[in-house]
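Residue numbers (this note's numbering): 451 to 542.
Positions of the beta carbon are idealized from the N, C-alpha and C atoms, including for glycine.
Take a look at the structure set out below.
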Amino acid sequence: MFIPFRVIGGFLAGKIATRLFRRLWALIDSEQAPAPEQREASLGKLAAGLALQGAVFQGVRGLVDHGSRVAFTRLTGRWPGTKRAKQTDDQD
């Protein structure tokens, strides 16, 4: 039952993340962010753009996913997924 929430959330997250990334990059550079396939892209700008893009997309995706789970829970009374983080056994 959660699949439609996940699909719609994923679509919205992509749209939001794209807009947010473009706005953030505009604060860094007046040109569009370089793409890996561009021949003239400087390595520094490319690395910065890819790192920022990855951080923005993962952050937005995680927040939207959690929000869609909260909405699903409010509608159905059931949480889709685990309720707590798994414990790690660090024995050094």
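#### Entry: Contact check, F507 vs A467, beta carbons under 8 Å
Sequence index remark: in the sequence shown, residue 507 carries index 57 (1-based). Sequence index remark: in the sequence shown, residue 467 carries index 17 (1-based). For F507 and A467, yes; Cβs fall inside 8 Å.
### Task
Report the rounded CA-to-CA distance for A463 versus D479, giving the unit in angstroms.
As a first step, residue 463 must be located in the sequence shown, where it is residue number 13. As a first step, residue 479 must be located in the sequence shown, where it is residue number 29. The straight-line gap from Cα to Cα measures roughly 24 Å.
### Task
Could you check the C-alpha separation between A501 and F471 for me, to the nearest Å?
What you label residue 501 is simply residue 51 of the sequence shown in a count that begins at 1. What you label residue 471 is simply residue 21 of the sequence shown in a count that begins at 1. Cα to Cα, A501 sits roughly 11 Å from F471.
### Query
So the alpha helix (DSSP H) W475 belongs to, where does it begin and stop?
Residue numbering aside, residue 475 sits at position 25 when the sequence shown is read from its first letter. Residues I453 to I478.
### Message
Pop quiz: T526 and M451 are said to be a contact at Cβ under 8 Å. What is the actual Cβ separation, rounded to whole angstroms?
### Response
By 1-based counting over the sequence shown, the position of residue 526 is 76. By 1-based counting over the sequence shown, the position of residue 451 is 1. Indeed, because the Cβ distance is near 7 Å, the residues count as touching under 8 Å.
### Query
P486 and K495: beta carbons closer than 8 Å?
Residue 486 sits at position 36 when you count from the first residue of the sequence shown. Residue 495 sits at position 45 when you count from the first residue of the sequence shown. Their beta carbons are not under 8 Å apart, which means P486 does not touch K495 by this criterion.
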